[in-house]
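Step one of this worksheet: look at the structure below.
Numbering (the working numbering), first residue to last: 60 to 705.
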């Protein structure tokens with residue numbers, strides 16, 4: 060399908076790629092992985108033909124087409140959403156205009172017997188046949204389906220594209236690519252501006268796509284569901300795995316372990332060889348032998364570990380200063396943009412230590428509420444911050460707000476105060492900005508590097524409430540893992556707006572879903588929420604079918620308040636902790652009994668005079684074990700009953 064041979068790319072005196080070769084087949088679904096700055100986006104630009112600064116060759120088959128979605132793009136105004144989307148059908152649009160012109164000629168001419176009139180009829184017939192063959196009669200419905208799958212409503216179709224944010228305009232470009240059905244789709248971080256529902260729709264679409272796919276993404280779940288091959292870019296080389304991301308991680312670890320063993324064996328060989336050289340160098344009869352060993356070492360290819368091993372940010376948030384029980388509360392928040400009511404009477408209370416996720420379709424008010432909570436946007440209603448609450452805010456466009464003319468070092472040094480100023484270089488080093496690199500200007504950094512720098516600024520002072528709006532956009536996998544671990548260890552309150560399911564998993568335990576100006580709370584993990592939401596969607600479909608068939612069903616509504624459900628969840632958590640402690644006690648007793656059984660099997664046991672005390676202790680442990688098993692059974696039943704009632 061595509062042949063990439065001996066590709067070489069240099070940037071700023073550094074080799075980004077060095078003699079890289081691989082093939083892309085028509086059935087491949089490839090995920091490009093690697094740390095920020097490894098060259099993933101550059102490789103996509105080269106294949107798309109937007110970057111010509113390389114050595115080597117790239118070969119395409121005849122009539123091969125590419126659809127490329129870049130991270131950043133220029134938009135042209137003057138069309139509605141639907142008009143812009145259908146511009147993807149270039150041949151259909153041209154044929155449609157040609158058919159109109161030919162039909163006009165047919166209806167206005169009267170020389171029905173002439174050869175020219177007959178030629179016009181033949182052209183019209185050929186155009187209509189071609190129009191139907193390439194989907195001219197179904198392209199409008201196909202466009203509607205894809206636009207709605209990506210989150211647009213029918214009301215949006217007639218709005219001008221300039222009315223939409225950059226993220227939504229990126230969706231229009233994505234829709235155009237999907238509608239063109241190219242031989243190969245190139246996607247650079249396609250999920251950055253999509254909500255969870257749109258990501259799931261795109262997953263399903265790409266799973267059924269018949270062309271090839273090559274993409275950059277830092278969304279684990281998305282990669283696992285869509286790709287069947289992973290190409291890792293590291294230190295100017297590539298490693299090719301016929302596996303999705305999760306399997307690739309496992310195989311990569313095996314590769315690194317193999318490299319370590321090879322390096323260890325080589326170091327041992329070099330040490331032994333150098334010892335022989337030193338031993339025989341001074342002896343005339345062995346000098347030639349020593350020289351041959353020296354030449355052998357000079358020709359040796361040194362085994363080096365790939366820099367993926369340590370290529371991840373390493374940091375932790377400063378301890379949260381003490382604050383009151385309630386971190387923040389808002390009452391009757393209302394916000395409109397023109398005639399569109401985004402938030403309608405929002406009441407929300409976040410307590411100290413809560414780990415909260417804001418989820419929902421784009422445009423439903425998640426970022427709007429975050430801006431209101433952080434005093435970055437005015438709205439109706441009241442906001443109350445708790446006692447001694449200090450909020451740290453990471454905006455969705457935080458990386459874009461950096462001064463591009465400043466250096467990396469100046470960006471941090473200019474805002475650092477007190478003792479932290481002495482640790483600026485150390486702090487930057489933990490975010491992978493070391494040595495002379497700190498003198499780079501912000502404008503030359505990649506999107507991921509800018510995101511890391513913006514996150515670094517957040518650590519300059521302690522906060523007890525962190526509000527993060529899409530903090531993982533542009534971060535590579537390891538950086539996201541370290542951020543997640545730092546947030547899990549943070550002892551304050553967290554509010555996160557994110558569409559990254561894997562990132563939210565086991566990080567947040569409370570979810571607020573935004574929909575049509577309201578918010579709905581959910582206690583539990585993101586995957587439980589999505590599972591319940593999917594079941595809820597299926598229930599809604601069943602109700603619609605029942606309604607159509609004339610059946611009447613009585614639905615029992617859950618009338619429990621949010622606080623009641625919250626208390627029930629606390630009780631279930633208490634019982635589950637009690638169950639866990641009982642399991643640990645059972646394991647400890649069983650281990651003691653096992654040790655006593657081993658002692659009884661020894662030949663010297665029968666000669667021991669204290670056997671009577673031994674058996675008394677043994678019997679006591681047996682009785683205690685039986686009682687703990689009964690306790691475990693009772694607690695387990697209690698947990699199940701509480702879950703049924705919840």
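By construction, the Cβ of each residue, glycine as well, lies at the ideal position given by its N, Cα and C atoms.
> Alpha carbon to alpha carbon, what distance is there between residue 99 and residue 129?
Replying inline: Roughly 12 Å between the two C-alpha positions.
>> I'd like to confirm the pairing. Which residues does DSSP put opposite residue 389 in its beta bridges?
In response: 407 and 442
> So what's residue 467 in DSSP terms, helix, strand or just coil?
Replying inline: helix
>> Quick check: the Cα distance between residue 265 and residue 145, rounded to an integer number of angstroms?
In response: 20 Å
> DSSP beta-bridge partners for residue 573?
Replying inline: 578
>> DSSP has residue 527 in a bridge; who is on the other side?
In response: Its beta-bridge partners are 453 and 555.
>> Can you tell me whether residue 610 is helix, strand or coil according to DSSP?
In response: Reliability fails at residue 610, whose pLDDT of 42 lies under 50, so the model's placement of it is uncertain and the value that follows must be treated cautiously. Of the three classes helix, strand and coil, the one that applies to residue 610 here is coil, per DSSP.
> Based on the DSSP secondary-structure assignment, which residues constitute the bridge partners of residue 274?
Replying inline: 90 and 246
> Alpha carbon to alpha carbon, how far is residue 514 from residue 651?
Replying inline: 49 Å
> residue 661: buried (16+ other C-beta within 10 angstroms of its C-beta) or exposed?
Replying inline: exposed
>> The beta strand (DSSP E) that contains residue 66, what's its start and end?
In response: 61-70
> If you draw a straight line from the C-alpha of residue 204 to the C-alpha of residue 147, how long is it?
Replying inline: 15 Å
> Between the region 428-443 and the region 388-404, do at least 3 Cβ pairs fall closer than 8 Å?
Replying inline: yes
> Which whole-angstrom value is the C-beta distance of residue 315 and residue 336, which I expect to be below 8 Å?
Replying inline: Not a contact, Cβ separation roughly 31 Å.
> Contact check, residue 91 vs residue 206 under 8 Å by CB: the rounded distance?
Replying inline: With a Cβ gap of about 27 Å, residue 91 and residue 206 do not count as contacting.
>> For residue 533, which residues in the same chain have their Cβ closer than 6 Å to its Cβ, ignoring the five residues on either side in sequence?
In response: 506, 507 and 510, listed in sequence order.
> What are the boundary residues of the alpha helix (DSSP H) that residue 264 is part of?
Replying inline: 255-266
>> Please state whether the Cβ-Cβ distance between residue 113 and residue 68 is less than 9 Å.
In response: yes
> Alpha carbon to alpha carbon, what distance is there between residue 388 and residue 557?
Replying inline: 21 Å
>> Using C-beta distances below 7 Å, list every residue in its chain close to residue 154, excluding the 5 sequence neighbours before and after it, in chain order.
In response: 186, 189, 190 and 195
> Thinking just about the alpha-carbon of each residue, which of 451, 271, 249 and 411 is nearest to the one in residue 261?
Replying inline: 249
> Excluding five sequence neighbours on each side, which residues of the same chain lie with their C-beta closer than 8 Å to the C-beta of residue 548?
Replying inline: Residues of the same chain with a CB within less than 8 Å of the CB of residue 548, apart from the 5 flanking positions on each side, are 375 and 376 in chain order.
> How about the region 565-582 and the region 438-457: do they share at least three Cβ pairs that are nearer than 8 Å?
Replying inline: Contact fails: fewer than three Cβ-Cβ distances are below 8 Å.
>> For residue 553 and residue 415, which I take to be in contact (beta-carbon distance under 8 Å), what is that distance rounded to the nearest angstrom?
In response: That pair is a contact at about 7 Å.
> Near residue 687, what residues of its chain come up, given a Cβ to Cβ distance below 8 Å and the 5 sequence neighbours on each side ignored?
Replying inline: Closer than 8 Å at Cβ, skipping near neighbours: 641, 644, 645 and 648.
> Do you know how far the Cα of residue 160 is from the Cα of residue 184?
Replying inline: 13 Å
>> Quick check: the region 537-546 against the region 496-506, are at least 3 beta-carbon pairs closer than 8 Å?
In response: no
>> Does residue 100 come out as helix, strand or coil in the three-state DSSP assignment?
In response: helix
>> Taking 9 Å as the threshold (C-beta atoms), are residue 80 and residue 270 in contact?
In response: no
> To the nearest angstrom, how far is it from the Cα of residue 66 to the Cα of residue 74?
Replying inline: Rounded to whole angstroms, the gap between the alpha carbons of residue 66 and residue 74 is 11 Å.
> Whole-angstrom Cβ separation of residue 283 and residue 305, contact assumed at under 8 Å?
Replying inline: A Cβ-Cβ distance of about 5 Å is found for the pair residue 283 and residue 305, placing them in contact under the 8 Å criterion.
>> Please classify residue 718 as buried or exposed, where buried requires at least 16 other C-beta atoms within 10 Å of its C-beta.
In response: Past the boundaries of the shown model lies residue 718; the chain is included only from 60 to 705, so the question cannot be answered.
> Since residue 277 contacts residue 531 with CB under 8 Å, what's their CB separation in whole angstroms?
Replying inline: 7 Å
> Are residue 228 and residue 381 touching if we call contact CB-CB under 9 Å?
Replying inline: Result no, Cβ atoms of residue 228 and residue 381 do not sit closer than 9 Å.
> Quick one: Cα of residue 590 to Cα of residue 156, how far?
Replying inline: Residue 156 has its alpha-carbon roughly 47 Å from the corresponding atom of residue 590.
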